[in-house]
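Numbering (this note's numbering), first residue to last: 1 to 251. Positions of the beta carbon are idealized from the N, C-alpha and C atoms, including for glycine.
So this is what it looks like as structure tokens:
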């Protein structure tokens, strides 16, 4: 999976993403569970859109991502905003050297890009090890319904003057997985011609019960499982599942 070109188009493609809803959701839940600490680790932070928003809300933010290109975009935006957010290129399943945080989040279904059960389990363990006692872990994932009914065998298109794409989604080899084949056509303003490049992105999700078991095994107390930015429990056709878990103190 390559993000070399995708990183520099990501913000434009995601301009309608409900980033403010993520910030609202997190801040409301932190208030609900009486978490006063403001040290936040944004895992799989991408181009830093959420990192920037959390920083503007008064959080002391650290961002981690596996893509150097994504982090390059994030760092440039941070400098433009006059903010000081440290970004690190690292695999979220194997974190090290970051100290402890009051809040850790894996937002925007980024957990679904992990390729194996072991990677998810290691990410939960890494989050546990980097949280303060009673610290809060947030993540959201695609539901199994969304993978099977909204993605697989679907085609999505965009046709703008300077950027177009064809996005085909196919069933992956493993249960509840999908492969996204994307072809982008980007206008070169100097030549007036379009450059094409292709990407393949893989996502996999798991049933709610499986995530819950892994969280419990990692040492978390599950505080809440809800769906689609609401407080409601997930339903059969819910598309985005949110998990909120607290680190159990180790004695």
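Residues that DSSP places opposite residue i in a beta bridge
i: residue 74; result: According to DSSP, which records beta bridges pairwise, residue 74 is partnered with nothing at all.
i: residue 80; result: Answer is none; residue 80 lacks a bridge partner.
i: residue 168; result: 155, 181
i: residue 35; result: None; residue 35 has no bridge partner.
i: residue 60; result: 39
Boundaries (first-last residue) of the beta strand (DSSP E) holding residue i
i: residue 104; result: 101-106
i: residue 159; result: 155-159
i: residue 238; result: Taken as a continuous stretch (DSSP letters only), residue 238 belongs to no beta strand (DSSP E), as it is neither H nor E.
i: residue 187; result: 177-188
i: residue 197; result: 193-204
i: residue 16; result: Note, residue 16: premise wrong, no beta strand (DSSP E); not H, not E.
Delimiting residues of the alpha helix (DSSP H) encompassing residue i
i: residue 27; result: 19-32
i: residue 218; result: 208-218
i: residue 129; result: 117-129
Environment of residue i [buried if 16+ CB atoms lie within 10 Å]
i: residue 70; result: buried
i: residue 204; result: buried
i: residue 116; result: exposed
i: residue 247; result: buried
i: residue 211; result: buried
Among the options, nearest to residue i - alpha-carbon criterion
i: residue 224; options: 206, 30, 14; result: 30
i: residue 88; options: 244, 50, 46; result: 46
i: residue 84; options: 51, 94, 185; result: 51
i: residue 237; options: 156, 226, 201; result: 226
i: residue 120; options: 27, 43, 232; result: 43
i: residue 157; options: 137, 105, 106, 181; result: 181
i: residue 128; options: 86, 28, 96, 48; result: 96
Between the CA atoms of residue j and residue i - distance to the nearest angstrom
i: residue 169; j: residue 145; result: 14 Å
i: residue 36; j: residue 103; result: 10 Å
i: residue 67; j: residue 54; result: 21 Å
i: residue 74; j: residue 14; result: 14 Å
i: residue 99; j: residue 39; result: 10 Å
i: residue 82; j: residue 10; result: 22 Å
Beta carbon proximity, residue i to chain D, threshold 7 Å
i: residue 57; result: Of the protein chains in the structure, only one exists, and it is not chain D.
Check: residue i C-beta below 6 Å from any heavy atom of the ligand GTP
i: residue 165; result: Among the ligands in the structure shown, none appear at all, so the ligand GTP cannot be discussed.
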